[in-house]
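**Student:** Structure provided below as structure tokens; questions to follow.
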Amino acid sequence: MNTSSPQASANILMVDDTAANLQLLTGMLKGRGYKVRPVSSGEMALRAVETHAPDLILLDISMPEMDGYEVCRRLKADERWRDIPVLFISALSDTEDKVRAFQAGGVDYVGKPFQFEEVDARVRTHLALHRQQQELKANYDRLQDMERLRDNLTHMIAHDMRSPLLALQLSLGLLGSDIPIGEVDTAAVLENARLGVTILIDMVSQMLDVSRMEAGKMELKREPCDLVAIAKDALAALRPLAETRTLAVATAAPVAATCDRDLIRRVIANLVGNAIKFTATSGHIAVAAIADEDRIRVTVTDDGTGIPPDKHRLVFEKFGQVADRSHGSGSGLGLTFCKMAVEAHGGTIGLESAPGRGSTFWFTLPIAAAETPAPAP
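In the numbering used here, the protein residues as written are 28 to 404.
And the structure:
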């Protein structure tokens, strides 16, 4: 009867210089579903570990040339192998021998002649403990990564909010100052204040929307929309940030798509805002929309610095810009929001870019469904 467990498919390295012992225990362990690699010397064991690290090692002590103690010490001295559990199996029964085995780094000790049920129970126990330790370490590493990202994100959000907050503070200060009304361009001051508030609201909305989409709680308000008109609205709101850069919609005729108007406007605004960051003040940024049979492809093209191919996979990842600040600033959620919003519509998003050749961000959306005529009375 096979009494295999979830860890029974584990890879076990069996080390013993006695062929009969190797054959007997290897056969028994294989009968329980384990993958067993038998070797007959310490040197062969070290080479086998180098070739493919096992999940557990059953190690004899009394072997010529290199005994089990030395094999274990060498394994524990190498950070690549030190976490592999080593179970000693030996005819040596003195307490001193057992203490030396644990001092060398062994996790358990089984005496010969052995009872297989005892060996199997100890193997199962240490494989389970090893798996739990690996999971604990992986969770700890992930927690450290998340804490680092959280700290970086907090810093980046504070940094990004500082500029619009300072602009808002300056605008309010000017309006409340003793400077004569005629010397203050009130309209310009109010526009700067409005822009600062808009940027802050967009940042907060972006973070909230990413969380809602991740939780599957974001409902789309689908309706037939003209993407050209949406793009023009997005560019109009960004012109104060563009300064002397040229923003243009390269498509003249209306292009209809079925989408959530506000979300797609923000997708285009995010992509254009991203392009503004990496385009010189004399640069050009163009938005275009091209209809196919059942899809519309929207592109945002700039003649900016471009993005190396090895960074392409990062740009749409959550906090990707936080993880790699060499090609961006910001909370790292803008392009993640774009990806999630487009995919929620059943579309796709991508990037074509190279250093010194600018970038083209693109996404696709379904074409607006034709209206069904009302039935004849």
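Glycine included, each C-beta is placed from N, C-alpha and C at the ideal position.
It should be emphasised that the depicted structure is a prediction, and the values quoted were computed from it without experimental measurement.
(1) Look at the Cβ atom of I257, then the Cβ atom of R292, and state whether they are nearer than 8 Å.
(2) How many Å lie between D330 and V314 at the Cα?
(3) Should Q159 go down as buried or exposed, given a rule of 16 or more other Cβ atoms within 10 Å for buried?
(4) Return yes when the Cβ of L86 is within less than 8 Å of the Cβ of L114, no when it is not.
(5) Where F130 and R101 are concerned, what is the direct C-alpha to C-alpha distance, given to the nearest angstrom?
(6) For T326, which of helix, strand or coil comes out of DSSP?
(7) On the DSSP letters alone, give me the boundaries of the beta strand (DSSP E) that T285 sits inside.
(8) Using only CA atoms, which one of D121, E97, P382, L52 lies nearest to V63?
(9) How big is the Cα-Cα spacing for A155 and E92?
(10) Should S309 go down as buried or exposed, given a rule of 16 or more other Cβ atoms within 10 Å for buried?
(11) With burial defined as no fewer than 16 other Cβ atoms inside 10 Å of the residue's Cβ, what is the status of T278: buried or exposed?
(12) What are the boundary residues of the alpha helix (DSSP H) that includes K338?
(13) By the 10 Å Cβ neighbour count, where 16 or more other Cβ atoms means buried, how is S353 classified, buried or exposed?
(14) Counting only the same chain and skipping the five closest in sequence on each side, list residues whose C-beta sits under 7 Å from that of L195.
(15) Just the Cα atoms here: how many angstroms apart are Q233 and G300?
(16) Return yes when the Cβ of I312 is within less than 8 Å of the Cβ of D273, no when it is not.
(17) For the putative contact between C99 and G133, defined by C-beta atoms under 8 Å, what is the C-beta separation to the nearest angstrom?
(18) Would you tell me roughly how many angstroms separate the C-alpha atoms of Y167 and G373, rounded to the nearest one?
(19) Less than 8 Å separating the beta-carbons of P393 and A284?
(20) Could you please give the first and the last residue of the uninterrupted alpha helix (DSSP H) stretch that includes S117?
(21) Taking the straight line between their C-alpha atoms, what separation do you get for V327 and G203?
(22) Hey, would you say I334 sits closer than 8 Å to L378, going by beta carbons?
(23) Near T391, which residues of its chain fall below 7 Å by C-beta distance, leaving aside the five closest residues on each side in sequence?
(24) Which ranges does the beta strand (DSSP E) cover as unbroken runs of at least 3 residues, wholly within the region 79-154, from first to last along the chain?
(25) With a floor of 4 residues, list each alpha helix (DSSP H) that falls wholly inside the region 33-78, ordered by position along the chain.
(26) With a cut-off of 8 Å on the beta carbons, I'd call A75 and L49 a contact; round off their distance for me.
(27) Have a look at M230, P251, D253, C252 and flag the residue whose alpha-carbon is nearest the alpha-carbon of T363.
(28) If you check the beta carbons only, do P112 and H153 fall under 8 Å apart?
(29) Note down the Cα distance separating T304 from R249, rounded to an integer number of angstroms.
(30) If you draw a straight line from the alpha carbon of A104 to that of H339, how long is it in whole angstroms?
**Tutor:** This is what the structure gives:
(1) Taking the first residue of the sequence shown as position 1, residue 257 is located at position 230. Taking the first residue of the sequence shown as position 1, residue 292 is located at position 265. Yes, Cβ-Cβ distance for I257 and R292 is below 8 Å.
(2) For this step, residue 330 is matched to residue 303 along the sequence shown. For this step, residue 314 is matched to residue 287 along the sequence shown. When rounded, the distance between both Cα atoms is 13 Å.
(3) Counted from its first residue, the sequence shown places residue 159 at position 132. By the 10 Å Cβ count, Q159 comes out exposed.
(4) To locate residue 114, count along the sequence shown from 1; it is residue 87. To locate residue 86, count along the sequence shown from 1; it is residue 59. Yes, they are a contact pair.
(5) In the sequence shown, counting from the first residue as 1, residue 130 sits at position 103. In the sequence shown, counting from the first residue as 1, residue 101 sits at position 74. Reading off the sequence shown, one finds Gln at residue 130, where the question assumed Phe. Answer to the nearest angstrom: the Cα atoms are 13 Å apart.
(6) For the purposes of this step, residue 326 is identified with residue 299 of the sequence shown, where counting begins at 1. DSSP places T326 in strand when its eight states are reduced to three.
(7) In the sequence shown, the residue the question calls residue 285 occupies position 258. It spans 283-287 - the beta strand (DSSP E) in which T285 sits, taken as one unbroken run.
(8) On the sequence shown, position 36 is the one that residue 63 refers to. Closest by alpha carbon: L52.
(9) As a position in the sequence shown, residue 155 is number 128, starting the count at 1. As a position in the sequence shown, residue 92 is number 65, starting the count at 1. About 33 Å.
(10) Taking the sequence shown and counting its residues from 1, the one referred to as residue 309 is at position 282. It counts as exposed.
(11) Working through the sequence shown from its first residue, we reach residue 278 at position 251. So T278 counts as buried.
(12) In the sequence shown, counting from the first residue as 1, residue 338 sits at position 311. First-last for K338: undefined, no H or E at that position.
(13) Residue numbering aside, residue 353 sits at position 326 when the sequence shown is read from its first letter. With a pLDDT of only 43 at S353, under the threshold of 50, the placement of this residue in the model should not be trusted, and no figure is reported.
(14) Position 168 of the sequence shown holds residue 195. Excluding positions up to five away in sequence, the list reads A220, G223, V224.
(15) As a working note, residue 233 is residue 206 in the sequence shown. As a working note, residue 300 is residue 273 in the sequence shown. Straight-line Cα distance between these residues: approximately 13 Å.
(16) Here residue 273 is taken as the residue at index 246 of the sequence shown, counted from 1. Here residue 312 is taken as the residue at index 285 of the sequence shown, counted from 1. Per the sequence shown, residue 273 should be read as Thr rather than Asp. It is a contact, given that the beta carbons lie within the stated cut-off.
(17) Here residue 99 refers to the residue found at position 72 of the sequence shown. Here residue 133 refers to the residue found at position 106 of the sequence shown. Their Cβ separation, rounded to whole angstroms, is 6 Å, which keeps C99 and G133 in contact under 8 Å.
(18) Here residue 167 is taken as the residue at index 140 of the sequence shown, counted from 1. Here residue 373 is taken as the residue at index 346 of the sequence shown, counted from 1. Answer to the nearest angstrom: the Cα atoms are 35 Å apart.
(19) For the purposes of this step, residue 393 is taken as the residue at position 366 of the sequence shown. For the purposes of this step, residue 284 is taken as the residue at position 257 of the sequence shown. Yes, the Cβ-Cβ distance between P393 and A284 is below 8 Å.
(20) On the sequence shown, position 90 is the one that residue 117 refers to. No alpha helix (DSSP H) holds S117; the beta strand (DSSP E) holding it covers 113-117.
(21) The residue given as residue 327 occupies position 300 in the sequence shown. The residue given as residue 203 occupies position 176 in the sequence shown. V327 and G203: Cα-Cα distance of roughly 40 Å.
(22) Your numbering for residue 334 matches position 307 in the sequence shown. Your numbering for residue 378 matches position 351 in the sequence shown. A contact, by the Cβ cut-off of 8 Å.
(23) As a first step, residue 391 is located in the sequence shown; it is residue number 364 there, counting from the start. Excluding sequence neighbours, T391 sits near R322, I323, R324, G374, T375.
(24) 83-86, 113-117, 135-138
(25) 46-58, 69-78
(26) In the sequence shown, residue 75 corresponds to position 48, counting from 1. In the sequence shown, residue 49 corresponds to position 22, counting from 1. Not confirmed; about 13 Å, so no contact.
(27) On the sequence shown, position 336 is the one that residue 363 refers to. It is M230.
(28) By one-based count along the sequence shown, residue 112 stands at place 85. By one-based count along the sequence shown, residue 153 stands at place 126. Closer than 8 Å, so yes.
(29) To locate residue 304, count along the sequence shown from 1; it is residue 277. To locate residue 249, count along the sequence shown from 1; it is residue 222. It should be pointed out that residue 304 corresponds to Lys in this sequence rather than to Thr. If I take the Cα positions, the gap works out to 31 Å.
(30) Working through the sequence shown from its first residue, we reach residue 104 at position 77. Working through the sequence shown from its first residue, we reach residue 339 at position 312. Approximately 39 Å between the Cα atoms of the pair.
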